[in-house]
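Quick note, the sequences are listed as chains A and B, same order. At position 344 of the first sequence the residue is numbered 344 (our numbering), and the sequence of numbers has no breaks. At position 109 of the second sequence the residue is numbered 1109 (our numbering), and the sequence of numbers has no breaks. By construction, the Cβ of each residue, glycine as well, lies at the ideal position given by its N, Cα and C atoms.
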Amino acid sequence: MNSYLNKNRPLVYCPGCTHEKITKGLDIAFSKLNFDADKTVIVTDIGCSGLFDTFFNVHALHGVHGRALTYASGLKLADPELNVIVTMGDGGLGIGGAHVLAACRRNLDITLIILNNFNFGMTGGQYSSTTPTDAVVGSEFLNQAEIPLDICAIADSAGASYIDRCSGINSDLPDKIIAAVNHKGFSIIETLGMCTGRYTKKNKLTPKVIDQIIADLPERAGIVKKNQRPEYGERYRALSKQRTKFPEAVIIDKQIDLKNYQQQQVVILGSAGMRIVTAGDIVCYAGLCAGMNVSMKNDYNITVLRGQSVSEILISPDKIGYPGIESPTVVLALSDEGVQRRKKIFSSLQKETFVLKEKSVAIPNTCANVVEIDFKELKIKKQDWALASLGVIAKHKKAINIDMLTYALKSRFNETVHKMAMETINKIFNHD
Amino acid sequence: MALSFMEGNEALARGAIAAGCNFFAGYPITPATTIFNNMLKMLPPKGGICVQGEDEIASMGYCIGAAMAGKKALTATSGPGISLYSEQISFAIGSEIPLVIADVQRLGPSTGSATRGADSDIQFLRWGSTSGIPVIVLVPKDALDCYVLAVNAFNFAEEFRCPVFIASNKEIGMTRESFDLESVILPEIVNRELFSGDAYLPFESEPDKAPPFLPIGGKTLVRQTSSTHGPDGYITIDPQVIADNQDRLRKKIHSARNRITLHEEDIKKGSDTLIISYGITSRAVEDASAKLEKKGRPVSSLSLKTLWPVPEDLLINKAKSFKRIIVIEMNLGQYVNEIRRVLNDKKVEFYGQMNGVLITPETIMEVVENE
Ligand code: SF4
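Quick look at the structure:
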């Protein structure tokens, strides 16, 4: 049989270490599977189990502790043809627990071989997430205050589609590995073994005891019926393939020629749910239709359905540098929350600044030109106030005019929404 | 004329696509999330892959795996995510894994303010990895820069086989603005050099270059490792081999630093003052300088688009003829000490602000006028 072991790299484990048996078992499994070496990768992390990749003549990726499954996932997504085998000790299992859970849940076609030897061999036999409470390890008494985890039970509830547990010493190991590898989907196989360098020096752990531990735990038969489902990669590619339309960039042609347009600074003060950002967008589109440069900064809370929503827009015939608002030319005061958020600006507004205030909204004292409107009386719903207020400024020819607004609405919305928006705008224009 | 209208994050995503990016893995975080959203819309129709990791560490791990399989990978996050990326960034630096990391910076420290901008991570990006090997950090000032620098970033990542950062800022990433997308001339696309001889040693290279690449999964077996390695990709303890490799990792970037240096300048006749800034702050500097010129007080400005490696020659050359140097930063002074180090014969003044709001042109004018 053709071996995949690298003759130039003899195994270096302590005598009697189960890792050696598992390395050889994996080699037999590879041979029986007749894997193409160039389509196979062993991914490892830190610790004695992290030496695995160095012994084989296949592709290898050795990375940071506990993260082997993350590299494995990237490799498998990028190259679905790869046979991806991950080895990980009980150390990596503890550190990278979130990745084990995610791998179980996701079901990408990767095989994870866990080498559980109940302690951290390389760093001095400290306790790990699988160390028995009554074991004597290099962590004084710490393991006596915790309990070990059963990764197979966790994998089962996390959705692993294939789970097996076996002794790393028994001769059926290669066949167990082969069965796990042949499973289409994420397969996890926990091997129990002896760390002769550390753990078995003070703990009675023999092949027989290991068999007994396995017998005492719930049986794992490989395929987990309740967790069977399509392999992630295939599912992902099928879903992804349906997305055929590339979202091209929004590009607005200049449609209107404006003479002597001065830079405008528009501030919309509203609340979540009032479509303030959309209104800001429309103001920008209006500027773009006239060949102007625009910029828009939004300020809203991370709780999307509550709190202020403020949009600050610059429209300028020149390139825009600083994108903040220094002296607003138009202020739309549409909610108390929004006004509170920017209450400081009112005292410094210029006389020429056009302030539109909804009747129900209170604003601080200002010397600006304040126009009040009662949207409620016009039977305009609150969520349309921002849009309606654009009608008002267009009517007053402040920052935008009706041609700009009409083009903007046409470019921003589909036909149905555009029609509804125009109805609101017409309400404003027909009202005196 | 027709203008496009998009936020910096969308522009960055479009730049990545233009650069040939075909893999994205990320984890949502304000203010970087919309890069992810955009990539999720843009990659599938192009046959690319876009996934959400179970956390930031995993997202970077996916990118590392995909990059080693030959993909051009992008990830995007903000300061708290960079913290989590750190161990994987070290891996990518030391093991020469090409990828691009967008950091849409927000106000730190720690979780800080999700929706407040600041240039919080300028030193963190440089030094937030083990070993101190140089990294490349590019910094955009607007959406147009996000678009173009994304291509530069991929080109550098491919050539130097290293992670390249784009240090954006909430105030750029989430600000929508117009620019003339259709007339942008993008840099020519660079792809990693593939090994073509026989007997491939994955880290064998010229003394100041990145090694030629072969993907995991290709005909030739490839070894990748996060551990200290020799040219063959196996662990080494040979001090000479270790020293040579460390030296090469430094040199491959250091020796190309002038080529990596990107900047904009506005040198005004008769000015004795040079304002040095980067990122969003450069735009306030532009406005301040226009206003000062109108007031008969011209000042020159230098806007850096490469922060790391430090553009030492550029700084020395540009600062030479100026009496007064002022550095403005949207933090409490992260980069000014680099400039002071390079311009050690000059007095370098500094103004910094870290309160979640932009530095205004007025403030900069005051700094200039307050001699
Ligand atoms: S320390 Fe333990 S796990 Fe490591 S090689 Fe020795 S016996 Fe094996």
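Please report the distance separating the alpha-carbon of residue 124 (chain A) from that of residue 115 (chain A). 17 Å
Say whether the stretch 1017 to 1037 of chain B touches the stretch 1172 to 1181 of chain B, bearing in mind that this needs 3 or more beta-carbon pairs closer than 8 Å, one atom from each stretch. yes
Note down the Cα distance separating residue 1182 (chain B) from residue 312 (chain A), rounded to an integer number of angstroms. 26 Å
Does any residue of chain A bring its CB to less than 9 Å from the CB of residue 1295 (chain B)? no
Output, in chain order, the set of chain B residues within a Cβ distance shorter than 8 Å of residue 284 (chain A). 1005, 1176 and 1178
Measure the alpha-carbon distance for residue 1210 (chain B) versus residue 79 (chain A) and round it to whole angstroms. 24 Å
Within a Cβ cutoff of 8 Å, which residues of the same chain sit near residue 365 (chain A), ignoring the five residues on either side of it in sequence? 346 and 347
In angstroms, rounded to a whole number, what distance separates the CA positions of residue 1122 (chain B) and residue 429 (chain A)? 51 Å
Tell me whether residue 242 (chain A) sits in a helix, a strand or coil according to DSSP, three-state version. coil
With a cut-off of 9 Å, does the C-beta of residue 1194 (chain B) fall near any C-beta of chain A? no
Write down the C-beta distance between residue 1229 (chain B) and residue 1237 (chain B) rounded to the nearest angstrom, noting that I regard them as a contact closer than 8 Å. Contact doesn't hold; Cβ gap of about 11 Å is too wide.
Is there at least one Cβ from chain A nearer than 9 Å to residue 1162 (chain B)'s Cβ? no
Which residues neighbour the ligand SF4 when neighbourhood means a C-beta less than 6 Å away from any of its non-hydrogen atoms? List them by chain order. A:13, A:14, A:17, A:19, A:48, A:117, A:121, A:122, A:195, A:196, A:197 and A:198
Which same chain residues end up closer than 7 Å to residue 1200 (chain B) when comparing Cβ atoms and leaving out the 5 residues on each side of it in sequence? 1214 and 1220
For the stretch 1220 to 1234 of chain B, list every residue whose C-beta sits within 8 Å of some C-beta in chain A, in sequence order. 1220, 1221, 1222, 1223, 1224, 1225, 1226, 1227, 1233 and 1234
Answer yes if the stretch 1080 to 1090 of chain B comes into contact with the stretch 1237 to 1246 of chain B, meaning at least three C-beta pairs across the two stretches below 8 Å, and no otherwise. no
Please list, in chain order, the chain A residues whose beta carbon lies closer than 7 Å to that of residue 1091 (chain B). 63 and 64
Looking only at its chain, what residues have a beta carbon closer than 7 Å to the beta carbon of residue 1287 (chain B), apart from the 5 residues adjacent to it on each side? 1361
Contained alpha helix (DSSP H) runs [length at least 4] in the stretch 1113 to 1148 of chain B, N- to C-terminal order: 1122 to 1127
Where the alpha helix (DSSP H) containing residue 261 (chain A) begins and where it ends: Taken as a continuous stretch (DSSP letters only), residue 261 (chain A) belongs to no alpha helix (DSSP H), as it is neither H nor E.
Close beta carbons around residue 147 (chain A), own chain, < 8 Å, minus the five adjacent residues each side: 133
Show which residues of chain B have a CB atom less than 7 Å away from the CB atom of residue 268 (chain A). Simply none; closest approach about 14 Å.
What three-state label does DSSP hand residue 1363 (chain B) in the structure shown? helix
So that I know if they touch, is there some Cβ in chain B lying closer than 9 Å to that of residue 337 (chain A)? no
Touching or not, the stretch 1251 to 1265 of chain B and the stretch 1343 to 1354 of chain B, by the rule of three or more beta carbon pairs under 8 Å? no
Here's a check: name, in chain order, each residue in its chain whose Cβ is nearer than 7 Å to the Cβ of residue 1134 (chain B), leaving out the five neighbours to either side. 1250, 1253, 1254, 1308 and 1309
Can you grab the Cα-Cα spacing for the pair residue 1268 (chain B) / residue 1320 (chain B), in whole Å? 14 Å
Residues in the same chain with beta-carbon distance under 6 Å from residue 255 (chain A), minus the five sequence neighbours each way, listed in chain order, please. 289 and 407
Among the candidates B:1327, B:1086 and B:1040, whose CA atom is the shortest distance from the CA of residue 1347 (chain B)? B:1327
What residues in its chain sit with their C-beta under 8 Å from that of residue 1004 (chain B), if we drop five residues either side in the sequence? 1178, 1179, 1180, 1181 and 1182
First and last residue of the beta strand (DSSP E) that includes residue 1163 (chain B)? 1163 to 1169
Touch test, the stretch 1152 to 1169 of chain B against the stretch 1100 to 1111 of chain B, Cβ-Cβ under 8 Å, three pairs minimum: yes
List the residues of chain B whose Cβ lies closer than 7 Å to the Cβ of residue 240 (chain A), in chain order. 1044
Residue 1159 (chain B) versus B:1128, B:1358, B:1111 and B:1205, residue with shortest Cα-Cα distance: B:1205
Tell me where the beta strand (DSSP E) around residue 1375 (chain B) begins and ends. As displayed, chain B neither begins before 1001 nor continues past 1371, which places residue 1375 (chain B) out of reach and without an answer.
Residue interval of the alpha helix (DSSP H) (run including residue 166 (chain A)): Run containing residue 166 (chain A): none in the alpha helix (DSSP H); it sits in the beta strand (DSSP E), 162 to 167.
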